[in-house]
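Colleague: Sharing a structure below in structure tokens format, with a few things to ask.
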Amino acid sequence: MASPVETLLRDQLTERRQKLESAASVVPGDEQVRRLLRDVDAALARMDKGTFGICESCHETIEPDRLVADPLMEYCLDHLTRPQRQALERDLDLAARVLRGLLPPPSQTFPGYEVVRHYEGAGPVSGDYCDAVGAENGGLYFAIGDVSGKGVAASMLMAHLHATLRALVPLNQSLDELVARASSLFCESALPSHFATLVLGRADRTGEVEICNAGHVPPLVTRGREIERIAPSGIPIGMFCDARFSVTRTRLSPGDTILLYTDGVSEALDGSGQEYGIDRLAKLLVGHPARDPSDLLASCLRDLKTFRSSAEPADDVTLMAVRRVG
405 MASPVETLLR DQLTERRQKL ESAASVVPGD EQVRRLLRDV DAALARMDKG TFGICESCHE
465 TIEPDRLVAD PLMEYCLDHL TRPQRQALER DLDLAARVLR GLLPPPSQTF PGYEVVRHYE
525 GAGPVSGDYC DAVGAENGGL YFAIGDVSGK GVAASMLMAH LHATLRALVP LNQSLDELVA
585 RASSLFCESA LPSHFATLVL GRADRTGEVE ICNAGHVPPL VTRGREIERI APSGIPIGMF
645 CDARFSVTRT RLSPGDTILL YTDGVSEALD GSGQEYGIDR LAKLLVGHPA RDPSDLLASC
705 LRDLKTFRSS AEPADDVTLM AVRRVG
């Protein structure tokens, strides 16, 4: 029985074949169209034989994210030809530059707030997402998220999420409606196996803050030596098109900070396989009350590096600090 992903890819290939046949009837001698049609027919034949997604060289599974990005793939990464590998490296380099361009500046100021972020990808492309934009009536929106999966497919969905939220924010909807709409659009556009955790917050000039946590690791609100965790109040976005979400409200006084992060921080492993954990991160914040947000992120990164020691990071690391200034 075909998987939901393979069924969706078969539908895409069938639709692509119909369009190519139409193009071939208009320009019968176009060799490029005929070649593409042969490639699509070959992929559909592999589905019929049960060999779709199997490397033609080593007979191992082709990387799923690459198949999603291009269902015509016939070889895994280990068995690409030299020209194919060079083309892939160029594409990944371009994708990495595009994704870096979607990140907000490392440091931003808004009326009543200072925002600092750090991003460190484990590979050339990433599914981590963060953003901060001004609100029309002052204050700001801030967000952090993590798309399921890795590689090109996750990075494409991250870019989609970025564009979706940037388009929805100016509509000035309630926060729960905004996240529900973003989830519905994400669900309609992504494969059934893909979803994204998301924290979206809105802060006004008086320090009132609304936060919607859709399945993400809990942001930590620091008030001196007190820590408040904003636990998830809903499922990740994109899992169900009609999902609904709730909002947590809190208040920041001058000097208070919200620390947002992805699971590349909390689930980082040391050499013995021990997890960094949210408790360790919270303890670090308690030991550094009222810190400048840039210094706070630097302390977090130093502690994370010390914890990992020689262990290589297995996931992207993204942190964002939102500090109320008086």
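Under the numbering used here, think of the first position of the sequence shown as 405, with each following residue one higher.
Quick reminder that beta carbons are idealized off the backbone N, C-alpha and C, glycines included.
Helix, strand or coil for E581? Go by DSSP, reduced to three states.
Modeller: helix
Colleague: Restricting to Cα atoms, I'd like to know which of G691, V669, E410 and A702 is closest to G525.
Modeller: V669
Colleague: Could you give the DSSP three-state label for M724: helix, strand or coil?
Modeller: strand
Colleague: Does DSSP put T710 in a helix, in a strand, or in coil?
Modeller: helix
Colleague: Mind checking V690: buried by the 16 CB within 10 Å criterion, or exposed?
Modeller: exposed
Colleague: Do G531 and V502 count as a contact pair if the criterion is CB distance below 7 Å?
Modeller: no
Colleague: Using alpha carbons as the reference points, say which of L476, L708 and C645 lies closest to D674.
Modeller: L708
Colleague: Can you list, in chain order, the residues of its chain whose CB lies under 7 Å from that of A715, leaving out five sequence neighbours each side?
Modeller: By the criterion of a C-beta distance shorter than 7 Å, A715 is surrounded in its chain by L673, D674 and G675, once the five residues flanking it on both sides are discounted.
Colleague: Leaving out five residues on either side along the sequence, give the residues of the same chain with a beta carbon under 7 Å from the beta carbon of G542.
Modeller: P515, D608 and R609
Colleague: What is the residue span of the alpha helix (DSSP H) that R389 lies within?
Modeller: Here the chain has residues from 405 to 730 only, and residue 389 is not among them.
Colleague: Going by C-alpha to C-alpha distance, which of A600, L602 and V625 sits closest to E612?
Modeller: V625
Colleague: Label T722 either buried or exposed according to how many other C-beta atoms from any shown protein chain fall within 10 Å of its C-beta, with 16 as the threshold for buried.
Modeller: buried
Colleague: What separation, rounded to the nearest whole angstrom, lies between the Cα atoms of L440 and L565?
Modeller: 30 Å
Colleague: On the DSSP bridge list, what partners appear for E614?
Modeller: DSSP lists R606 and R653 as the bridge partner or partners of E614.
Colleague: Buried or exposed for F644, going by 16 or more other Cβ atoms inside 10 Å?
Modeller: exposed
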